[in-house]
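Note sheet for the following structure.
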């Protein structure tokens, strides 16, 4: 059901509702198909005409002579239920629905879209839409769309929920001579969605980059899994609408979905190794850069210009976005002095002065290409009476072609102006050199490259992890939850009781005592010692500051008594009907020299639990004043989380005598992530504030919300965490040795590298079907940083001071869970111990439990050990000596049933 070949490589198409009337959807689609030059069968369906656009038409779906790969519905929604029933009878595999009114109800009050979807589900029909503009596949000249603009062949797949943006991008792309491998309008994405298409285009030979326009995501885990897999193979750009509250509401009305904070989408996009752009202007700039295959060489940018003002604008944009301006060495300055007038800038940007001709540009450019001071060069030109725009551009192009080191740099150009500069930009397009109309767009495009590489490095970085919690403490925390939650659906706790729970996870919560009046407050204060703080406890007053409900640094019984009574009096005066739970008394924490942050666990309807981090305060606006991260977190991810919060000014540390311990803050966030993974009933935790003094982290106030939860605890997380429940101790009979069989961890990269070194070249050749040299960091990261949702690898580990990996079995599971491709590798000196059979059984059992239909693998005919093992486990084998391959296959569900 997940095979999209009939959509993306169709041989026939039926246009339902085809029309001869101009500007009708059925007429535009027919004309686009015919004018596009599609070589397959085109079948218009309409009872009104005997032919449409000169092509013989058919009265109904039932009368079609063949089963089309795709049916394009250009009909009103009221007709679509009956049409879907006909398509199901005809066994049409794919449907594109252009109708925008499918959410309306039929005469009996039932939603049309829901009925059509149910018919499609039962008949295994895949759907693009409704509210789709259609699809364009330039490599097969297939244009089944309502677009007034066609697409040319190229290497970008564009997938959008907005039909209007599709036509805008197409119009710009044609002007900029940028082509596409596919152009797909998802509309409301009721069935086929971003995940399906990311899986397809990540291996499509015509596609080098993927562009996504997203209103909303419905299945966060599938989307992130597909995006993480695809971003290892293809560059992916995302434009996500709905950054403001009003924008989110508009997105919901447009394509449905939950009201998710924009910062959460931002975190998910970064975590998946993709690059986000914030508007169509940035999108066009990023496309212009990323469609060129040269990878980013580094972050140092040098600028050559004939105008100081535009160069200053470029610098401002670069530094505001966290970029790096290259520095000029004395040697480079000396060389530039020989070819430039005395009034040149003597700094980067290299201002050639307004009367610079093409010779000056070429001379300065050659000096930079010969040097090693920069990784990228931006060449800027403003209209000049001295140097013709097109002549200067051609001289630059010729110089770049001639220089032997050009490919060691990323070259960008900014030829400002319209009529005079257009031929020059055209020359750069034809030469394959990125070019931009404004200084800002050129620098923004460069920073897109920088940020994309940073996201990719985050995806590939070898992490470390904080110490895991003892299972006994996790069990005690869950017992605490069950005892408090009991039969209640939802329950809230403030610092007094929440502190009990958080201490199970190693958090230090400032001790808090509950009192009802001023006399009890005095008694508690006398016991704990001065100074103290007294705070209001009321679930009906969101901000204690509304009634001056927090009094600090109370130094004696008289101050405590008057403060407590004053808080109660003000509350009764301003909120006479508020429910008052009394007062909280705390010892004063050492605030001097400390930092205060706000940390929150929030449940999102799309992405599940998320962690928010910001400066906090009583008027904290989490949508704009926080940074978000998706659990699970390890130390590397937590450090990126903190770095992004600092970069985006969401947290602002002051200079203190005892500076904040960033590693300690990362550990705090990792521990919070472990809490989320372990306790599915935790719905929300709001820490306000977290007081940090050096490496001391104290929770001053916290609110905890618990909610009943049933089902898979890990299922609520957008990213599946490490499946600790799959760990198993086994015994090797031959050596009487106990080994741990567990899922692989990202932190296993060094151990995995050491394991590979102890496998012979012959065994590696049998495993990888090629000569294997030294494994790079990227290769090892791909092997150890797996997505547990669609891939699994079990390692056999010898437990010691330096853990050793002795063998590994893997399964790469298809997105529709129909097949798992397995591979197995055992350390050469440990073969014959039975370890291979243990690891194979482990991976087979995992796939059976997951519901995978079959498991298959490939080896060489000479690998008789692997083939014998497979046969002993019930695999059917097929040896092809001519191709030099042997395939192994096992029907898992039949095996499970028997």
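Residue numbers (my numbering): 999 to 1896.
Yeah, the Cβ is synthetic: ideal placement off N, Cα and C, and Gly gets one too.
Note that the structure is predicted; figures quoted are calculated from it, not measured.
Q) For the candidate residues 1141, 1145, 1159 and 1878, whose alpha-carbon lies nearest to that of residue 1151? A) 1141
Q. Alpha carbon to alpha carbon, what distance is there between residue 1110 and residue 1104?
A. 6 Å
Q: Could you work out which residue in 1596, 1229, 1394 and 1556 is closest to residue 1453 when comparing CA atoms only?
A: 1229
Q: Could you name the residues of the same chain whose beta carbon sits closer than 8 Å to that of residue 1871, not counting the 5 residues immediately before and after it, in chain order?
A: 1835, 1838, 1839, 1842 and 1888
Q | For residue 1478, the three-state DSSP class (helix, strand or coil) | A | helix
Q. What residues match up with residue 1611 in a beta bridge as DSSP calls it?
A. 1597 and 1625
Q.
So the candidates are 1757, 1137 and 1293; which of them puts its Cα closest to the Cα of residue 1450?
A. 1293
Q. Since residue 1506 sits in a beta bridge, which residues does DSSP pair it with?
A. 1696
Q. Does DSSP put residue 1306 in a helix, in a strand, or in coil?
A. helix
Q. Where residue 999 and residue 1811 are concerned, what is the direct C-alpha to C-alpha distance, given to the nearest angstrom?
A. Note that residue 999 scores a pLDDT of 40, beneath 50, so its modelled location is shaky and nothing firm can be said.
(Q) To the nearest angstrom, how far is the alpha carbon of residue 1262 from that of residue 1448? (A) 21 Å
Q) Candidates 1121, 1718 and 1189: which alpha carbon is nearest residue 1083's? A) 1121
(Q) If you reduce the DSSP assignment to three classes, tell me which class residue 1888 lands in. (A) strand
Q. Looking only at C-alpha atoms, which of 1592, 1303, 1330 and 1518 sits nearest to residue 1561?
A. 1518
Q: Look at the alpha carbon of residue 1007 and the alpha carbon of residue 1147, and state the distance between them as a whole number of angstroms.
A: 21 Å
Q.
Please report the distance separating the alpha-carbon of residue 1675 from that of residue 1540.
A. 28 Å
Q) Taking just the CA atoms, how far does residue 1491 sit from residue 1482? A) 10 Å
**Q.** Length at least 3, wholly inside the segment 1511-1593: the beta strand (DSSP E) runs in chain order
**A.** 1530-1535, 1548-1552 and 1580-1585
Q: State the DSSP-derived secondary structure class of residue 1834, mapped to helix, strand or coil.
A: helix
Q | Cβ neighbours of residue 1466 in the same chain (closer than 8 Å, five flanking residues each side left out) | A | 1672
Q: Answer with buried or exposed for residue 1159, where buried requires no fewer than 16 other C-beta atoms within 10 angstroms of its C-beta.
A: buried
Q.
Do residue 1833 and residue 1805 have their beta-carbon atoms positioned less than 8 Å apart in this structure?
A. yes
Q) Which of helix, strand or coil does DSSP assign to residue 1145? A) coil
**Q.** For residue 1420, the nearest candidate out of 1403, 1387 and 1260 (CA to CA)
**A.** 1387
Q | Coarse secondary structure for residue 1686, derived from DSSP in three states | A | strand
Q.
Can you list, in chain order, the residues of its chain with a C-beta nearer than 6 Å to that of residue 1341? Leave out the 5 residues immediately preceding and following it.
A. 1351
(Q) Cutting at 8 Å between CB atoms, please list the residues of its own chain near residue 1507, excluding the five before and the five after it. (A) 1493, 1496, 1497, 1500, 1501, 1696, 1697 and 1700
Q) What three-state label does DSSP hand residue 1191 in the structure shown? A) coil
**Q.** Cα-Cα separation, residue 1036 to residue 1139
**A.** 5 Å
Q.
For the alpha helix (DSSP H) containing residue 1269, name the first residue and the last one.
A. 1260-1269
Q.
Is residue 1003 close to chain C? Criterion is C-beta to C-beta, closer than 8 Å.
A. In the structure shown, chain C does not exist; there is a single protein chain.
Q.
Alpha carbons only, please: which of 1510, 1405, 1321 and 1385 is nearest the one belonging to residue 1443?
A. 1321
Q. When the distance is taken between beta carbons, is residue 1625 closer than 8 Å to residue 1612?
A. yes
Q: Take residue 1684 and list the residues in its own chain whose beta-carbon comes closer than 7 Å to its own, dropping the five residues that flank it on each side.
A: 1598, 1700 and 1701
Q: Can you tell me the Cβ-Cβ gap for residue 1739 and residue 1794, rounded? I've got them flagged as a contact below 8 Å.
A: 6 Å
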